[in-house]
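Novice: Dropping a structure here in structure tokens format, bear with me for questions.
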Amino acid sequence: RKEVEQDPGPFNVPEGATVAFNCTYSNSASQSFFWYRQDCRKEPKLLMSVYSSGNEDGRFTAQLNRASQYISLLIRDSKLSDSATYLCVVNNQGGKLIFGQGTELSVKP
Amino acid sequence: SAVISQKPSRDICQRGTSLTIQCQVDSQVTMMFWYRQQPGQSLTLIATANQGSEATYESGFVIDKFPISRPNLTFSTLTVSNMSPEDSSIYLCSVRQGADGGAFFGQGTRLTVV
Numbered sequence: 035r036k037e038v039e040q041d042p043g044p045f046n047v048p049e050g051a052t053v054a055f056n057c058t059y060s061n062s063a064s065q066s067f068f069w070y071r072q073d074c075r076k077e078p079k080l081l082m083s084v085y086s087s088g089n090e091d092g093r094f095t096a097q098l099n100r101a102s103q104y105i106s107l108l109i110r111d112s113k114l115s116d117s118a119t120y121l122c123v124v125n126n127q128g129g130k131l132i133f134g135q136g137t138e139l140s141v142k143p
Numbered sequence: 033s034a035v036i037s038q039k040p041s042r043d044i045c046q047r048g049t050s051l052t053i054q055c056q057v058d059s060q061v062t063m064m065f066w067y068r069q070q071p072g073q074s075l076t077l078i079a080t081a082n083q084g085s086e087a088t089y090e091s092g093f094v095i096d097k098f099p100i101s102r103p104n105l106t107f108s109t110l111t112v113s114n115m116s117p118e119d120s121s122i123y124l125c126s127v128r129q130g131a132d133g134g135a136f137f138g139q140g141t142r143l144t145v146v
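Going line by line, the protein sequences match chains A and B.
The numbering used here applies: residue 35 is where the first sequence begins, and numbers increase by one.
The numbering used here applies: residue 33 is where the second sequence begins, and numbers increase by one.
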């Protein structure tokens, strides 16, 4: 079993749609969690951290369920510029970040 | 966030040669890492670059193939040695300020081995 698993994607949605990405992790001792965005042929960029109480940043909402070892990212009112690959990232012991395989999102006009 | 400069941005190399990638950060950082991203794949951690001591390698990566230097808190190099076409990949330098914080990445080095 992979340490971090994401929805396989790709997700093709129209502008204005709401889309949700799911992610599970296998190590119950994982300490912190993140969502990254990676545009084609670019480096990954931190989108947001994921906190136990859930957190929101504009159109983006991240949630964490430690009991189920599950993380989600919700994007509301999708924009064309949201098209990218979204990476679920888990911080294991020792400070190592483990990356999921990524979920590709394509927002169409 | 730290500003990370990585070079070269891309290179095409002959098999059997070696390439050294440099990573320069504009501030002192406690943690520096090297990742590989193969075509169509996610990121795989190669090693943690330790300042003043030998790097800590992940399973499947060895020092003879990927020697790493970190002479100070702002600079590191990764060498890809005795290259083969299977080494064609994007190599990324990453820094973190603390054990619980997110990571920031250099622009990556796109390596093609022919």
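Even glycine gets a Cβ: it sits at the ideal position worked out from N, Cα and C.
What does G134 (chain B) touch in chain A if you count any residue whose Cβ is under 7 Å from its own?
Specialist: Those are F68, L80, S83, listed as they occur along chain A.
Novice: For R68 (chain B) and chain A, any beta-carbon pair shorter than 8 Å?
Specialist: False, the Cβ-Cβ gap to chain A never drops below 8 Å.
Novice: In angstroms with no decimal places, state the Cα-to-Cα distance between P103 (chain B) and T88 (chain B).
Specialist: Roughly 15 Å between the two C-alpha positions.
Novice: Measure from the alpha carbon of A131 (chain B) to the alpha carbon of each residue in B:Q46, B:Q73, B:M64, B:P40, then state which is nearest.
Specialist: Here the closest residue by C-alpha is B:M64.
Novice: Going by CA-CA distance only, name the one from A:E49, A:R75, A:W69 that's closest to Y123 (chain B).
Specialist: Checked all of A:E49, A:R75, A:W69; the closest Cα to Y123 (chain B) is A:R75.
Novice: Anything in chain A within Cβ reach of F137 (chain B), meaning under 8 Å, just list it in chain order.
Specialist: The answer, in chain order, is E77, P78, K79.
Novice: To which residues of the same chain is I53 (chain B) closer than 6 Å at the C-beta, ignoring the five residues directly before and after it?
Specialist: Same-chain partners within the cutoff: L110, Y123, T141.
Novice: Applying a beta-carbon distance threshold of less than 7 Å, which residues of chain B neighbour N125 (chain A)?
Specialist: Residues of chain B passing the Cβ test: D132.
Novice: Could you please give me the residues that DSSP links to M64 (chain B) through a beta bridge?
Specialist: Answer by DSSP bridge pairing, in chain order: B:A81, B:V127.
Novice: Pull up the distance between the alpha-carbon of K36 (chain A) and that of I78 (chain B), whole angstroms please.
Specialist: Near 17 Å, if we compare the C-alpha coordinates of I78 (chain B) and K36 (chain A).
Novice: Give me the Cα-Cα distance between S106 (chain A) and A96 (chain A), rounded to the nearest whole angstrom.
Specialist: Between S106 (chain A) and A96 (chain A), the C-alpha separation is close to 6 Å.
Novice: Going along chain A in order, which residues have a C-beta closer than 7 Å to the C-beta of S74 (chain B)?
Specialist: Going along chain A in sequence order, the residues near S74 (chain B) (Cβ under 7 Å) are L121, F133, G134, Q135, G136.
Novice: For T144 (chain B), I'd like the list of residues in its chain whose CB is within less than 6 Å of its CB, leaving aside the five on either flank, ordered along the chain.
Specialist: Correct list, in chain order: I44, S120.
Novice: Exposed or buried, which one is P78 (chain A) when buried takes at least 16 other CB atoms within 10 Å?
Specialist: Under this definition P78 (chain A) is a buried residue.
Novice: Out of A:A118, A:Y59, A:A51, A:Q65, which one is the CA nearest neighbour of Q40 (chain A)?
Specialist: Comparing Cα-Cα distances from Q40 (chain A) to each of A:A118, A:Y59, A:A51, A:Q65, the minimum goes to A:Y59.
Novice: Would you mind working out which of B:G48, B:S126, B:T49, B:S85 sits nearest W66 (chain B), comparing C-alpha positions?
Specialist: Per the Cα distances, B:S126.
Novice: Is there a Cβ from chain B that is less than 8 Å from the Cβ of G129 (chain A)?
Specialist: Answer yes: the Cβ-Cβ gap between G129 (chain A) and chain B drops below 8 Å somewhere.
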